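Visitor:
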Amino acid sequence: MVVFDFDLTIIGAHSGGYIDKTNDVDNIGTSVSEHFKIFSKALYANDIKITVATFSDEEAIRYNKSRSSNLIAGTELVQFCIKKSKCETKIEKVYAYYPYYYKEPKKYRALGLDKPMTNDKSYHLERIRREFFVNIDEIIFIDDDMNNCISARKEGYITFNVTGKDGFNFKNIQIL
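Numbered per my numbering, the sequence shown spans residues 66 to 241.
(1) Whether or not the segment 91-98 and the segment 131-146 are in contact is what I'm after, with contact meaning three or more pairs of Cβ atoms, one per stretch, closer than 8 angstroms; do they touch?
(2) Which of the three DSSP states, helix, strand or coil, is assigned to residue 213?
(3) Between the segment 168-179 and the segment 112-123, are three or more C-beta pairs nearer than 8 angstroms?
(4) Does the segment 212-222 touch the segment 77-91, meaning 3 or more C-beta pairs lie closer than 8 angstroms?
(5) Count the other CB atoms, across all protein chains shown, that sit within 10 Å of the CB of residue 180; report buried if there are 16 or more and exposed otherwise.
(6) Could you please give me the residues that DSSP links to residue 225 through a beta bridge?
(7) Give the DSSP bridge partners of residue 85, in chain order.
(8) Rounding to the nearest angstrom, what Cα-Cα distance links residue 202 and residue 185 in this structure?
(9) Let me confirm a value: residue 125 is counted as buried when at least 16 other C-beta atoms fall within 10 Å, else exposed. Which label applies?
(10) Return yes when the Cβ of residue 223 is within less than 8 angstroms of the Cβ of residue 204, no when it is not.
(11) Decide if residue 212 is buried, meaning its Cβ has at least 16 other Cβ atoms within 10 Å, or exposed.
(12) Could you tell me which of 87, 121, 190, 136 sits nearest to residue 163, measuring between CA atoms?
(13) From the DSSP output, in three-state form, read off residue 201 for me.
(14) Out of 158, 150, 98, 194, which has the shortest C-alpha to C-alpha gap to residue 89?
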């Protein structure tokens, strides 16, 4: 299984966590990197599952959704970009959690946590392991944020850091 970050990894831009799908002024919807398209298509063709671990959380738009129903985040944002960029792959599931929104006991306990989640992708990766019944050594984690990569590497994941600012690119990636 390969777990990708979204902003500056799958896409070569930073969405800010959400977009207005009818007024995508920054063209986030069409910013899936060409190298991600190639790599993800090959993964899909070889039955290797792809999931996404992102901080693009639907909580960011929950209160604004009544004012503008065109705002999208999380799963809807990822799938919108995959489709609009004509990326021929399948994303099995999107894990969209921004730790800031889960600091209060009521919020983090609703996720089954006994304390606030750490400011990295540890929670996302743990959920993926549990829901897909895979071990740490069966996951490749790819992210542009070094903090997320270092945390994942310390936990035992095979980890790649996207070093460029244009999203996943075979020339701008390093293994940790």
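Think of the CB as a built atom: it goes at the ideal place given N, C-alpha and C, for glycine as much as any other residue.
This one's a predicted model, so the numbers in the text were calculated from it and none came from an experiment.
Guide: Once the coordinates are examined:
(1) Yes: at least three Cβ pairs fall under 8 angstroms.
(2) Here residue 213 corresponds to residue number 148 of the sequence shown, with the count starting at 1. In the structure shown, residue 213 sits in a helix (DSSP, three-state: H, G or I).
(3) no
(4) no
(5) Position 115 of the sequence shown, counting from 1, holds the residue named residue 180. It is exposed - the Cβ of residue 180 has fewer than 16 other Cβ atoms within 10 Å.
(6) On the sequence shown, position 160 is the one that residue 225 refers to. In DSSP, residue 225 forms a bridge with 207, 240.
(7) Within the sequence shown, residue 85 is the residue found at index 20, counting from 1. Bridge partners of residue 85 according to DSSP: 136.
(8) Mapped onto the sequence shown, residue 202 falls at position 137. Mapped onto the sequence shown, residue 185 falls at position 120. Taking the straight line from one Cα to the other gives about 19 angstroms.
(9) In the sequence shown, the residue the question calls residue 125 occupies position 60. Buried, because 16 or more other Cβ atoms sit within 10 Å of the Cβ of residue 125.
(10) In the sequence shown, counting from the first residue as 1, residue 204 sits at position 139. In the sequence shown, counting from the first residue as 1, residue 223 sits at position 158. Cβ atoms of residue 204 and residue 223: closer than 8 angstroms.
(11) As a position in the sequence shown, residue 212 is number 147, starting the count at 1. So residue 212 ends up on the exposed side.
(12) The residue labelled residue 163 in the question sits at position 98 within the sequence shown. Ranking the options by Cα distance to residue 163, first place goes to 121.
(13) Residue numbering aside, residue 201 sits at position 136 when the sequence shown is read from its first letter. Helix.
(14) What you label residue 89 is simply residue 24 of the sequence shown in a count that begins at 1. Measuring from the Cα of residue 89, the nearest candidate turns out to be 150.
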